[in-house]
Amino acid sequence: MAQHDMNIANQGFPAFRSDLNNALSAIQTNHSGTSRPTGAVAGQIWLDTTSATNPTLKFFDGTDDISLATIDYSANTVNWLDSTVSVTGLATTATGTVLTLTDSVSTSTVNLIIDNQKEIRFRETTANGTNYVALKAPASLASDVTFTLPSADGTANQVLKTDGSGVLSFATASTGLEWQSSIVTTSTLTAVANKGYWIDTTSNACTVTLPASASVGDQIIFVDYARTWGTNKITINTNGLNFQGNTSWR
Amino acid sequence: VNPEYNTDGQSVSIVYSGATQGWIPTVDDDVTFETPTNIQENI
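Take a look at the structure:
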């Protein structure tokens, strides 16, 4: 750290050499010091080292020292302080630290605005190329829309749903009823929720075992495929669950 | 004692309503064929 008045006095050579080296040292260290360099002129930039590990880069306008940025020697980051700072790719009207970029973490303490339907792009591994997955806003919006992500992961095959107010959560998708293509002709059938079965009892009766557990809204349908249930009946094994509130069938 | 369905042409749709009532049939009707009507006229 060094400062110099940047004025080489008329002097003998040894003193001149020393004076010049001091001036060069001041230039080399960006006029580092704990106060504005003596003889500073408007337009001069200097480094305020009042904080040894977080010095502040300042601009002298001829009257005042304007702080430009603080430099964090430990995190190797620069925090630009001006309220209308404009860095390539970044702009904000907020004051103070609005965006911190490091080798591994990017943190914003304010809303991040991507204007004019531009995208947030997530690129593949560099070694594999530059393809990306992008998210962007629709071309037109009647009002602001905010989606709040779920607080935890769902289970396999669940889907995202909304509560109508933008709060998203994982839920099991309604699959509807799935009719079986084959005809059941066996004497037993283990039924699965949300399926429909054609049961042909021409040759024998059929005992249908319901699922051991079920969720509200699960549905199962059985159909007399050959109009023979009057001859060979269908018996329902409730498999431990109530049937029309009747526990005796359990 | 288990529920039985023993009517020709029947279809059964059951929906699970929860632990208290369990499975509830929403449809368990049979489909009957129309009885032919014989019309006799004296000519």
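First to last, the protein sequences are chains A and B.
To convert a position in the first sequence, counted from 1, into the numbering used here, add 873.
To convert a position in the second sequence, counted from 1, into the numbering used here, add 62.
No residue lacks a Cβ here, since even glycine has one placed at the ideal position from N, Cα and C.
Alpha carbon of residue i to alpha carbon of residue j, nearest angstrom
i	j	result
S1024 (chain A)	V1040 (chain A)	10 Å
I1107 (chain A)	A1046 (chain A)	31 Å
N1077 (chain A)	N1105 (chain A)	6 Å
T1080 (chain A)	A1029 (chain A)	32 Å
G969 (chain A)	L954 (chain A)	Residue placement at G969 (chain A) is poorly supported in this model, since its pLDDT is 49, which falls under 50; the coordinates still yield a value, given next. Their backbone Cα atoms lie some 6 Å apart in a straight line.
N903 (chain A)	S947 (chain A)	19 Å
T1120 (chain A)	E66 (chain B)	15 Å
A1099 (chain A)	S1086 (chain A)	30 Å
S1042 (chain A)	L1022 (chain A)	7 Å
T936 (chain A)	A915 (chain A)	8 Å
S75 (chain B)	T88 (chain B)	6 Å
S924 (chain A)	R909 (chain A)	14 Å
I1109 (chain A)	V63 (chain B)	9 Å
Neighbourhood of residue i by C-beta distance below 8 Å, restricted to the same chain and skipping five residues each side
i	result
D945 (chain A)	T926, N927, V951 and N952
A896 (chain A)	H877, M879 and I881
I987 (chain A)	I993, K1009 and A1010
S832 (chain A)	Any question about residue 832 (chain A) goes unanswered here, given that chain A covers just 874 to 1123.
Y1005 (chain A)	R994, F995, R996 and E997
Under 7 Å by beta carbon: chain B residues contacting residue i
i	result
D1097 (chain A)	D70, G71, Q72 and S73
S1088 (chain A)	Y78
G1118 (chain A)	T82, Q83 and G84
T1108 (chain A)	N64 and E66
L1114 (chain A)	G84 and W85
L1083 (chain A)	W85
Closer than 8 Å at the beta carbon, the chain B residues around residue i
i	result
D945 (chain A)	In chain order: nothing, as chain B lies at least about 59 Å away.
D1091 (chain A)	V77 and Y78
Chain-ordered neighbours of residue i on chain B, where CB pairs are closer than 9 Å
i	result
T1101 (chain A)	D70
I1094 (chain A)	S73, V74, S75, I76 and V89
Buried/exposed call for residue i, threshold 16 Cβ in 10 Å
i	result
W919 (chain A)	buried
S73 (chain B)	buried
I834 (chain A)	Nothing can be reported for residue 834 (chain A), as the shown portion of chain A is limited to 874 through 1123.
P887 (chain A)	exposed
N1115 (chain A)	buried
N1062 (chain A)	Note on residue identity: the sequence assigns Leu, not Asn, to residue 1062 (chain A). Buried, because 16 or more other Cβ atoms sit within 10 Å of the Cβ of L1062 (chain A).
I900 (chain A)	exposed
T907 (chain A)	exposed
T911 (chain A)	exposed
A1064 (chain A)	buried
D1097 (chain A)	buried
A1000 (chain A)	exposed
A913 (chain A)	buried
Other residues of its chain near residue i: CB distance less than 6 Å, five sequence neighbours each side excluded
i	result
I939 (chain A)	F932
T106 (chain B)	In this structure chain B extends from 63 to 105, so residue 106 (chain B) is not present and cannot be described.
Y78 (chain B)	W85
Q917 (chain A)	F933
T929 (chain A)	D921, S940 and T943
S891 (chain A)	none
F1020 (chain A)	G1039 and L1041
Residues of its chain near residue i, where Cβ-Cβ distance is below 7 Å and the 5 sequence neighbours each way are ignored
i	result
A1012 (chain A)	Q990
L893 (chain A)	I881
W1102 (chain A)	T1074
A1044 (chain A)	Q1031, V1032 and K1034
T1003 (chain A)	R996
Residues that residue i contacts on chain D, provided the C-beta gap is smaller than 9 Å
i	result
T1111 (chain A)	The displayed structure is made up of protein chains A and B, and chain D is not among them.
Cβ contact (3+ pairs, closer than 8 Å) linking the segment 1058-1076 of chain A and the segment 1090-1103 of chain A: yes
At least three beta-carbon pairs within less than 8 Å, the segment 1017-1034 of chain A to the segment 1048-1068 of chain A: no
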